[in-house]
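Encoded as C-alpha cells, the structure appears first; notes follow it.
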Amino acid sequence: FYFYEPIRPKHRQWPYPREIDTSGRYRYVSDIIGHVLRCEFDKFPKDHPIMQDDALHVKSTEIGRIQECRGSNMTQCIRLSMKACNAKKIIVTKTVRSTMESIRHLLSTYSNCPSKVNVVHLVRDPRAMLKSRQFGRKTSQLITEADALCKRMYKDVLIQIQIKKYFPDSIHRLRYEDLAEHPQKIIKNIYRHLQMDYTKNIDSFIAHSTTNKYTKERQFGTQRRDSNATAYAWKKTIEYDLVKSVDTACHSLYKELGYLPIQSEKDLRDLSLVHREKKSSNFN
Numbered sequence: 025f026y027f028y029e030p031i032r033p034k035h036r037q038w039p040y041p042r043e044i045d046t047s048g049r050y051r052y053v054s055d056i057i058g059h060v061l062r063c064e065f066d067k068f069p070k071d072h073p074i075m076q077d078d079a080l081h082v083k084s085t086e087i088g089r090i091q092e093c094r095g096s097n098m099t100q101c102i103r104l105s106m107k108a109c110n111a112k113k114i115i116v117t118k119t120v121r122s123t124m125e126s127i128r129h130l131l132s133t134y135s136n137c138p139s140k141v142n143v144v145h146l147v148r149d150p151r152a153m154l155k156s157r158q159f160g161r162k163t164s165q166l167i168t169e170a171d172a173l174c175k176r177m178y179k180d181v182l183i184q185i186q187i188k189k190y191f192p193d194s195i196h197r198l199r200y201e202d203l204a205e206h207p208q209k210i211i212k213n214i215y216r217h218l219q220m221d222y223t224k225n226i227d228s229f230i231a232h233s234t235t236n237k238y239t240k241e242r243q244f245g246t247q248r249r250d251s252n253a254t255a256y257a258w259k260k261t262i263e264y265d266l267v268k269s270v271d272t273a274c275h276s277l278y279k280e281l282g283y284l285p286i287q288s289e290k291d292l293r294d295l296s297l298v299h300r301e302k303k304s305s306n307f308n
C-alpha cells in the first residue's frame, strides 16, 4: 500500500532548508508518518487535510480507486482507505522535506520492533538540487541558499549515522546518482532486503521507466528516457559561479557522501565526468 507524501499539504508553509527543526515540528512529522504506517488515517491532525490532497488521489493507486475519495464523502473515504491499507502486508510512504530528527523520533517509537520499519534516506548532489529550484531566481539567491542547504543536509547525514548505530538494519542511505546509474540492480536489492518478490513485471516496469526513449518526461514525475543522463542534466546549464559556491559550502558534506568538487568550467560541461566517488551501500 503506497501513501504519497503525507506531509505535502503542510510542508509548503515551512521554510526550507530548515537548518533547525523544532521539537514540535519534527514530532508532528514523525507522528503523521507513524499514523500512515499503522493505517490510522482517521488520526491525522485536523489542521492537516491530508486525505483531501488531490495529488494523493492521483499518486496513491489504492486510494485513487476509491470512489468516495473523489467526492466529498471523506468519512467513507478514510474508512475504506484504512480497510485497503490494513489488507496489505507492506506499507510504503515517501516524504520530502522531513528531517532526520523526525526519523530518529519515529524509529525510537518502534524500538521494541525496529525491523518493522525500514527507512531509505535518499540524498542527491546539492548542486543538482539547487539548479532544480532555480525557476527564474537569480544565481545570487541560490548562492545564499547553498550554505543553509549544505548545513541542513550535513546535519541530516550526521544524525543518520547516529541512528544507524542504534538501528543498523532499519535505515539506509542511497545516493540518487547511484540509483539513476543502476536502477534495476539497486531496486532489486531493496526488494531483497525487504524480503519482497522482485518479479519480471517489476523489472520490466523499472526498465521502461528509466531507459525508454519514447517516455514523455515530466519535471515532477518519475519516468525518464535515460535516468543516468537526467541525473546529470544540470551540468549543461548551471552557472560555474554557483558550483564553486556550493563546493565551498558543502566541503564537509561531500566528504560524507562522496561527492567531488568541480575543478573547472570545462570539467563541469563534460558530461562524461560524474564528480562522485564510488561508495558502497546496502543496495549497490
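To convert, take the position in the sequence shown, counting from 1, and add 24; that gives the numbering used here. Quick reminder that beta carbons are idealized off the backbone N, C-alpha and C, glycines included. Quick caveat, the model's predicted, so the values are computed rather than measured.
In summary, Val60 is buried, with 16 or more beta-carbon neighbours lying within 10 Å of its beta-carbon over all protein chains present.
When the beta-carbon positions are compared, Ile115 and Phe191 stay at least 8 Å from each other. Sixteen is the threshold: since fewer than 16 other Cβ atoms of the shown chains lie within 10 Å of the Cβ of Trp38, the residue is exposed. Scanning its chain for C-beta atoms nearer than 7 Å, with the 5 sequence neighbours on each side dropped, one finds around Tyr134 the residues Lys140, Val141, in chain order. For a cut-off of 8 Å, the C-beta gap from Leu281 to Val147 is around 6 Å, short enough to register as a contact. Every unbroken stretch of the alpha helix (DSSP H) spanning 4 or more residues and falling wholly within the region 256–297 is given here in chain order: 264–273, 275–281, 289–293. Under DSSP, Phe27 takes part in a beta bridge, and its partners are Thr117. Going by DSSP, Val147 is part of the beta strand (DSSP E) stretching over 143–147. By the 16-neighbour rule on beta-carbons within 10 angstroms, Asp71 is exposed. Residue burial annotation: Thr234 is buried, with at least 16 other C-beta atoms found within 10 angstroms of its C-beta. Within the same chain, Thr123, Glu125, Ser126, His129 come within 7 Å of Tyr50 by CB-CB distance, once the 5 residues on both sides are set aside. For Ser251, the closest C-alpha among the options Ala204, Ile195, Thr163 is that of Ala204.
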